[in-house]
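Undergrad: All the letters of the sequence shown, read from the start, carry residue numbers 19 to 82 under this note's numbering. So that we are looking at the same thing, I have put the structure below in C-alpha cells.
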Amino acid sequence: MRPISWVLAPTWGVDAIRESATGGSPLAEIGLALGLGAAYVGVSVLILDAVLASARRAGALSLS
C-alpha cells in the first residue's frame with residue numbers, strides 16, 4: 019500500500035503538516051504535492067484530448 023500512497027498528493031500534504039508540527043521544514047513535501055498535482059492536470063488533459071478525439075471520430079458529440 020505504501021508505494022500506492024506515494025503517488026497521491028494528500029500523502030505528501032499530511033507529511034508536510036507532520037513535518038511542520040515537529041519543527042521541521044515542510045518545503046520538500048509541499049513541492050512534491052504541488053508537482054503531483056501538476057502531473058495530475060497534465061495527465062487529465064491528455065486523457066480528455068484522447069476521449070474527445072475518439073468521440074469526434076465516432077460522431078458521438080452532439081451540438082446542443
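Positions of the beta carbon are idealized from the N, C-alpha and C atoms, including for glycine.
Roughly how far, in whole angstroms, is the beta-carbon of A51 from the beta-carbon of A34, given that I think they are within contact range, below 8 Å?
TA: Rounded, the Cβ-Cβ distance is 7 Å, consistent with contact.
Undergrad: Quick check on this structure: which residue in A39, G41, G42 and G53 has the alpha carbon closest to the alpha carbon of L26?
TA: Ranking the options by Cα distance to L26, first place goes to G53.
Undergrad: Nearest to P28 by CA position, among V69, Y58, R74 and R75, is which residue?
TA: Out of V69, Y58, R74 and R75, Y58 has the C-alpha closest to the C-alpha of P28.
Undergrad: Can you tell me the Cα-Cα spacing of G49 and M19, whole angstroms?
TA: Going from the Cα of G49 to the Cα of M19 covers about 22 Å.
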